[in-house]
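Going down the list, the protein sequences come from chains A and B. If you read the first sequence in full-length UniProt numbering, its first letter stands for residue 1, the second for the next number, and so on. If you read the second sequence in full-length UniProt numbering, its first letter stands for residue 1, the second for the next number, and so on.
2 protein chains.
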Amino acid sequence: MSAEIICVGTELLLGDILNSNAQFLAQQLAQLGIPHYYQTVVGDNPERLKQVIEIAISRAQILIFTGGLGPTPDDLTCEAIADFFGVPLVERADIIEDITRKYALRDRLMTPSNRKQALIPQGAEILPNPTGTAPGIIWQPRPELTIFTFPGVSSEMYRMWQETTVPFLKSQGWGKEIIYSRMLKFWGIAESALAEKVSSYLNLPNPTVAPYAAKGEVRLRVSASSASQAAAQELISPVEKQLKDIAGLDYYGADDDTLASVVGELLRSAGETLSVAESCTGGGLGQMLTEISGSSEYFWGGVISYDNSVKVGLLGVNPEDLAKFGAVSATVAEQMAIGVRSRLATTWGLSITGVAGPGGGTDTKPVGLVYIGLAGANGEVESFEYRFGAVRGRSLIRHVSACTALDNLRRKLLSSVLNKNV
Amino acid sequence: MSAEIICVGTELLLGDILNSNAQFLAQQLAQLGIPHYYQTVVGDNPERLKQVIEIAISRAQILIFTGGLGPTPDDLTCEAIADFFGVPLVERADIIEDITRKYALRDRLMTPSNRKQALIPQGAEILPNPTGTAPGIIWQPRPELTIFTFPGVSSEMYRMWQETTVPFLKSQGWGKEIIYSRMLKFWGIAESALAEKVSSYLNLPNPTVAPYAAKGEVRLRVSASSASQAAAQELISPVEKQLKDIAGLDYYGADDDTLASVVGELLRSAGETLSVAESCTGGGLGQMLTEISGSSEYFWGGVISYDNSVKVGLLGVNPEDLAKFGAVSATVAEQMAIGVRSRLATTWGLSITGVAGPGGGTDTKPVGLVYIGLAGANGEVESFEYRFGAVRGRSLIRHVSACTALDNLRRKLLSSVLNKNV
């Protein structure tokens, strides 16, 4: 028994979008232990799509389609599938009702073209789409063959997969040997340095340990294959502990943890609060912190002091120091942190000022130079200098700056916890 | 004549990596005007690879392989191709020499396993790899069929494509007809509504017009196939103009334009400045605005007033109104906009307050309810109410809120320009 992933969309053939849906589905199938040997991409063309179905049913028993469920005439996945198996499409009143309700929630009326999304092959079950208008289908057009369809919009597909497809697959007795993974996350260490530290783990058979690097962060995926999640966790657990011990403070969290969520938990459990003052990140640090639901408990807000007048006016940065040291300096970072902390009356004040580029760099203050300020109780203040390098580009420099600010606060909060425990 | 992309690698089937090679090759083929209708992903398995070749040669005349050229035993693309066409592999002395030289440059000795990379099908040409050790091949195993192989390492493939493959394709007379596209972007209209307005354009043969939707934005891709970019632009130009006329103010920009860059251009040309006050977006609006290099010319900064104390203390929101109407209300949005505008002394003040969820919603103030405030000269202030719906989720509600705030300012700035011109 094996699955095949079929992604439908001319935009994939034109290279307009990256096929992240195929990666998501591949990971999910691997986790469920359902083998899959082929992925096919085909355009919005019914004849070619039918040829792809013909090939796929000769080599797989589960076909997973993404894309082509939208309301426009070039969305024809459902039509082509029904046509291939010689079954008519039927309009489902419950889908019409669901679409009408979703439009009403947004104060909008369903358009005639949306009716198309209510057509599914006779005999197919609806695979509910909680967020979008296009539902998918679960259909057994013949024995030993199951078809799933998903919209191309990734966020919609993810929820449909987790909420309906995984339980359905398990109910069929598929996915018995599961692969369970933990993604360990690290900040402040290079991929090659971490890989060397843990080199003896990189050739383990089960669990396996594989390093990844992305946007300044390094990850180790620890994966175990076993009959149950509990058994897999038992295999992973000692290895995970050893890897954390080796990495020390560079390890910050696992799986869904982010630097912002980890910092948030530390602040929440200490009963402390945070405010931010941002120059070159322009709001990105606040954005990260507030991505966490419930962050209002410990994050009070901040000042985006993009222009120097705001650094002086709203944060109380000394204009003479600003002129003497420049906006990108340890002094100004510290005064920004002190200023926002006292004005917002929080436990901590965290600031960022730097040259994000591509313009504005000089010999002494090159693109990628960033200062982070951290103010705490009793007028205590620290600053940290980083040279992220111009080659990383504006967007990545800003992202890494915000993450590094959070990482500094994380290490500070952890050392406070350690000191209290001593 | 058409091409097929065949990506070889078990890591793709496990979802360990994103198939960015397929996107690169798809874009390149589109630019060269070489049609391609299918992409296939298959693991490091010789029998399945040979089945994929059998299918591919029945529907394409150019096969482009990536992956499986490395020195390890599971790298078997070349072997499987040669085997399929019944041709022996031969060791090429010039490849051995090249690998030896590259290893010497890194002060290393060629390992026995690298010898494998010197084996290519008899009769094939070498496709040189300037950076890595694994060369590709260019091979015509039979008339009307050309095979290219590339390593899976993207950076090596890119250079091999640009330096050798593109000139070769052109020398064969392929890639004469290029495809040129413009991506038109719209905000404030649903995909289905726009598709209906422009329905008569969706079946044009050349240029073609195709709708896309992502994260609240709708796009129309207008693509023309022609002998040159200039000729393609001439085909696109009148259709683009008509589409813009139909969409009116819902059209905001094309290609690399973002709402933030378009708003930035309007502010810059009017010599006006902007500040923001953000509650539920927590800095995301400032982040978007400052993603644009040079935004310091018109964006001065803002206040992240996540906690109500910051709305009162730093923005001057009236505490009685806050208690009476609640933080998520038109009144508070307006006072936030007025407050940030006056404190930062900018032409415009733009504010956002809303319920991003998943918690915090009530019957009268459900998740997804968002108010946007816009303050201008002479104490003028407006507010706008949106119900984005809880189903979209926290992250998307925040994203759409920030974009909608920018869109309101964009429409306001455009109407000022129109009024001045009257």
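C-beta: ideal position from N, C-alpha, C; glycine also.
Closer than 6 Å by C-beta to residue i: which residues in its own chain qualify, once you throw out the five before and the five after it? Chain order, please.
{"i": "A/E125", "result": "I138"}
{"i": "B/R398", "result": "T281, G284, A356"}
{"i": "B/P207", "result": "V222, S223, A224, L235, I236, V239"}
{"i": "A/K244", "result": "Y251"}
{"i": "B/P141", "result": "F85"}
{"i": "B/T273", "result": "Y298, W300, T346, T347"}
{"i": "B/P71", "result": "S113, N114, K116, Q117"}
If you reduce the DSSP assignment to three classes, tell me which class residue i lands in.
{"i": "B/A214", "result": "strand"}
{"i": "A/V52", "result": "helix"}
{"i": "B/L243", "result": "helix"}
{"i": "B/C403", "result": "helix"}
{"i": "B/T290", "result": "helix"}
{"i": "A/P71", "result": "coil"}
{"i": "A/C7", "result": "strand"}
{"i": "A/R387", "result": "strand"}
{"i": "B/L169", "result": "helix"}
{"i": "A/S395", "result": "helix"}
{"i": "A/S58", "result": "coil"}
{"i": "B/S2", "result": "coil"}
{"i": "A/S113", "result": "helix"}
I need the boundaries of the beta strand (DSSP E) containing residue i, first residue and last residue.
{"i": "A/M183", "result": "178-187"}
{"i": "A/S351", "result": "348-354"}
{"i": "B/F65", "result": "62-66"}
{"i": "A/I338", "result": "Unbroken run through A/I338 is the alpha helix (DSSP H), 330-344; no beta strand (DSSP E)."}
{"i": "B/L89", "result": "89-91"}
{"i": "B/V198", "result": "Premise fails: B/V198 is in no beta strand (DSSP E) and is neither H nor E."}
{"i": "B/Y38", "result": "36-42"}
{"i": "B/A254", "result": "251-254"}
Tell me which residues share the same chain as residue i and place their Cβ nearer than 7 Å to its Cβ, disregarding the 5 neighbours each side in the sequence.
{"i": "B/F84", "result": "K50, I53"}
{"i": "A/M110", "result": "I99, T100, Y103"}
{"i": "A/N308", "result": "L322, A327"}
{"i": "B/T404", "result": "I372, Y386"}
{"i": "A/I304", "result": "E278, G282, G283"}
{"i": "B/K412", "result": "L374"}
{"i": "A/S295", "result": "G264, L289"}
{"i": "B/R159", "result": "P130, T131"}
{"i": "B/S275", "result": "W300, G301, G302, V340, R341, L344, T346, G349"}
Just curious, the alpha helix (DSSP H) that residue i is in, first and last residue?
{"i": "B/A26", "result": "20-32"}
{"i": "A/F84", "result": "77-84"}
{"i": "A/V276", "result": "Not the alpha helix (DSSP H): A/V276 falls in the beta strand (DSSP E), residues 274-278."}
{"i": "B/G313", "result": "308-313"}
{"i": "A/P205", "result": "Segment: none, A/P205 is in no alpha helix (DSSP H) and carries neither H nor E."}
{"i": "A/D107", "result": "Here A/D107 belongs to no alpha helix (DSSP H), and DSSP marks it neither H nor E."}
{"i": "B/L259", "result": "259-270"}
{"i": "A/D321", "result": "319-325"}
Looking only at its chain, what residues have a beta carbon closer than 8 Å to the beta carbon of residue i, apart from the 5 residues adjacent to it on each side?
{"i": "B/F186", "result": "L194, E217, V218, R219, L220, A247, D250, Y251, Y252"}
{"i": "B/W174", "result": "M1, L32, I34, I62"}
{"i": "B/Q242", "result": "Y201"}
{"i": "B/C78", "result": "G68, L69, L89, L119, I120, P121, I137, T149"}
Since residue i sits in a beta bridge, which residues does DSSP pair it with?
{"i": "A/R142", "result": "A/L145"}
{"i": "B/G136", "result": "B/L127"}
{"i": "B/R221", "result": "B/M183, B/A210"}
{"i": "B/P121", "result": "B/L89"}
{"i": "B/E382", "result": "B/L374"}
{"i": "B/A190", "result": "According to DSSP, which records beta bridges pairwise, B/A190 is partnered with nothing at all."}
{"i": "A/L369", "result": "A/R387"}
{"i": "B/G302", "result": "A/I304, B/V276"}
{"i": "A/F150", "result": "A/T66"}
* Would you list, in chain order, the members of the segment 88-119 of chain A that have their beta-carbon closer than 8 Å to a beta-carbon of chain B? => K102, L105, R106, D107, R108, T111, P112, S113, N114
* Residues, ordered as in the chain, of the segment 368-399 of chain B that lie near chain A by beta-carbon distance below 9 Å -> G368, Y386, R387, F388, G389, A390, V391, R392, G393, R394, S395, L396, R398
* Asked: Between the segment 35-57 of chain A and chain B, which residues of the former have CB atoms less than 9 Å from a CB of the latter, in chain order?
  -> P35, H36, Y37, Y38, Q39, T40, V41, V42, G43, D44, N45, R48, Q51, V52, I55
* **Proximal residues, the segment 317-329 of chain A versus chain B, C-beta separation under 7 Å** => none
* Anything in the segment 290-306 of chain A with a Cβ closer than 8 Å to a Cβ of chain B? List those residues in chain order, please. => T290, E291, S293, G294, S295, S296, F299, W300, G301, G302, V303, I304, S305, Y306
* Interfacial residues, the segment 211-224 of chain B to chain A, with Cβ spacing under 9 Å -> P211, Y212, A213, A214, K215, R221, S223
* To do: Residues of the segment 337-354 of chain B with a CB closer than 8 Å to any CB of chain A: list them in chain order, please.
  => R343, L344, A345
* For the segment 157-188 of chain A, enumerate the residues whose C-beta is nearer than 8 Å to any C-beta of chain B, in chain order. => none
* To do: Name, going along the chain, the residues of the segment 272-286 of chain A whose beta-carbon falls closer than 9 Å to a beta-carbon of chain B.
  => T273, S275, V276, E278, S279, C280, T281, G282, G283, G284, L285, G286
* With 7 Å as the C-beta to C-beta threshold (strictly closer), list the residues of the segment 233-261 of chain B near chain A in chain order. => none
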